[in-house]
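Report on the following structure.
There are 2 protein chains.
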Amino acid sequence: MTARSAPASTRTELNTTDGLAQLSFLIHGTLERRAGERGLSMIQTRLLGVLRDRTPSMNELAKLLVLDKSSVSGLVDRAERRGLVTRIRSTADRRAVLVSLTDAGRSLVVSVSGRFEADVAAILACLRPSDRQALSRLVSQVLVAHAGEQGVDLFG
Amino acid sequence: MTARSAPASTRTELNTTDGLAQLSFLIHGTLERRAGERGLSMIQTRLLGVLRDRTPSMNELAKLLVLDKSSVSGLVDRAERRGLVTRIRSTADRRAVLVSLTDAGRSLVVSVSGRFEADVAAILACLRPSDRQALSRLVSQVLVAHAGEQGVDLFG
DNA sequence: TATTGTTATACTCTATAACTATA
DNA sequence: TATAGTTATAGAGTATAACAATA
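Written as C-alpha cells, this is what we have:
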C-alpha cells in the first residue's frame, strides 16, 4: 500500500498512514505466527482470549466475535474436541449453553499472549525510552478518539 | 490483551505494547471491512495488491504470499472466475504460468486501497499535525529497525 | 410466537500427496 | 531427474436456511 501516486502536498500524510499500516500488519502477523506455533488460528485465539474473563452463552459469544451463531457452534466444537473449552448447560435458561475455558485452554492463551506481548516489546525496544513513551501517548490518543470503532477488542 | 497481571515496574511498558496491539487490530480490521464491502477476503486483497506492479509466475506468487503452490492455484482460480486476474502461458518457459491483473481487478484494488488509506488518515485526523509527524517518525524508526522481519509486505 | 442452539449445505482457504508436462 | 503447475482430498472457518427445544 505504498503511496504510488500521491500528490506532493499530501505525501507526508500518506506516508504516515502507509507506515502505520505496515506496522499494524507486522504486529498482526506476529500474533498469527505465535498462535500458529501452538496450533491456534487467529479466530481460535480470539475465542480463548474472550473467554479469559468471561463465561458467555453461545449467543453472547457470537456477538463478541461478530460471527453467526452457526459459525460459533463449529468453532466451539473444534475447541472442545481439543480440550480447550467446555460447554455447560445453563440452569437459568435451559435453552442456553455457556462456554468456559478449561485449564489447558487457559494455560494456552496465557502462553500465547505472553509471548506476543514480549514480541511487541521487542519490536519497540529499538526506541529510546522517551520515544517509547511518546509513542504510547500518541497511540493512546488515537485509541481514545476511536474507542467506539474498535469493534472486537481482541482479548477483551 | 490487557496487562492483567503486570508487575507495577513494567506496567508502562506493557501498556505501550497493549495500545499498539489494539491500534494494529483496529487498522487490520479496517482493511478487512473495506475489502469485504467489495466482496474481497484478505488473501484475495493481498493477491490483487501483489499484482499491482508485478506479473509473477504461480511459483513466484506462492513465495510472495507465503502459500503452497496448490493454495495459489485455487486462489487464482477463484479470482480468475471473477474476472479479476488472467493466466498467461509463459513463452520463455512453457511450464510456467504468469498471473496478471485485469482492468476490473486493478480498478477494484485501487478502490479498496484508496478507501483504506482514507480510513487510516481519518483515524489519525484526531492528532495535531505536529503529533502526526512525531508518530510518523516513531513508526518509521520501528519499521526500519525491523525491515527484515516484516515478512509479507501487504501491498508490496 | 420468539429465542437459543444445532445441523445440513455450500463456499473459501489451506496443506499434503499424487499427477502431468516441460526442462 | 528436477521443476512448474494442477488436481484429489481433507480439514478449518464462514454464512444461510431449516430444525428442535425451551421460553
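In the order they appear, the protein sequences are chains V and F. Heads up, the first sequence is in the numbering used here, so the first residue is 1 and it goes up one at a time. Heads up, the second sequence is in the numbering used here, so the first residue is 1001 and it goes up one at a time. Each residue gets a CB set at the ideal place from its N, CA and C atoms; glycine is no exception.
One finds 20, 21, 24 in chain V with Cβ atoms closer than 7 Å to the Cβ of residue 1027 of chain F, taken in chain order.
In this structure, DSSP gives residue 1127 of chain F a state outside helix and strand, which the three-state scheme calls coil. Contact between the region 46–66 of chain V and the region 81–99 of chain V is present, with at least three C-beta pairs closer than 8 Å.
Taking a C-beta cut-off of 8 Å against chain V, the contacting residues of the region 1117–1141 of chain F are 1117, 1120, 1121, 1123, 1124, 1126, 1127, 1131, 1132, 1133, 1134, 1135, 1136, 1138, 1139, 1140, 1141, listed in chain order. The Cβ of residue 143 of chain V sits closer than 8 Å to at least one Cβ of chain F.
Excluding residues up to 5 positions away in sequence, 34, 35, 38, 40, 45 lie with their Cβ nearer than 7 Å to the Cβ of residue 112 of chain V in the same chain.
Secondary structure at residue 1143 of chain F: helix, using DSSP grouped into helix, strand and coil.
A distance of 8 Å or more separates the beta carbons of residue 122 of chain V and residue 1134 of chain F. Of the candidates F:1051, F:1147, F:1031, F:1050, F:1031 places its Cα closest to the Cα of residue 1042 of chain F. Counting other Cβ atoms within 10 Å of its Cβ, residue 77 of chain V stays below 16 and is therefore classed as exposed. For residue 97 of chain V, there is no enclosing alpha helix (DSSP H); the residue is part of the beta strand (DSSP E) that begins and ends at 97–101. Nearest CB-CB separation between residue 1045 of chain F and chain V: not below the 8 Å threshold.
Residue state for residue 17 of chain V is assigned as helix, using DSSP reduced to three classes.
Burial of residue 16 of chain V is indicated by the presence of at least 16 other C-beta atoms within 10 angstroms of its C-beta.
Note that the C-beta distance between residue 1072 of chain F and residue 1051 of chain F is not below 8 Å.
In this structure, the CA atom of residue 87 of chain V is about 18 Å from the CA atom of residue 68 of chain V. Assigned with DSSP and collapsed to three states, residue 66 of chain V falls in coil, not helix or strand.
DSSP assignment within the region 1019–1078 of chain F yields the following whole alpha helix (DSSP H) runs of 4 residues or more, N-terminal first: 1042–1051, 1058–1065. The alpha-carbon separation between residue 1119 of chain F and residue 1018 of chain F amounts to approximately 22 Å. Taking C-alpha positions only, residue 1103 of chain F is separated from residue 1055 of chain F by approximately 14 Å. Judged by DSSP in its simplified three-state form, residue 94 of chain V adopts coil rather than helix or strand. DSSP places residue 1089 of chain F within a strand segment (E or B) once states are collapsed to three.
Judged by DSSP in its simplified three-state form, residue 138 of chain V adopts helix.
In terms of beta-carbon proximity, residue 1015 of chain F lines the interface with chain V, with at least one pair separated by less than 8 Å.
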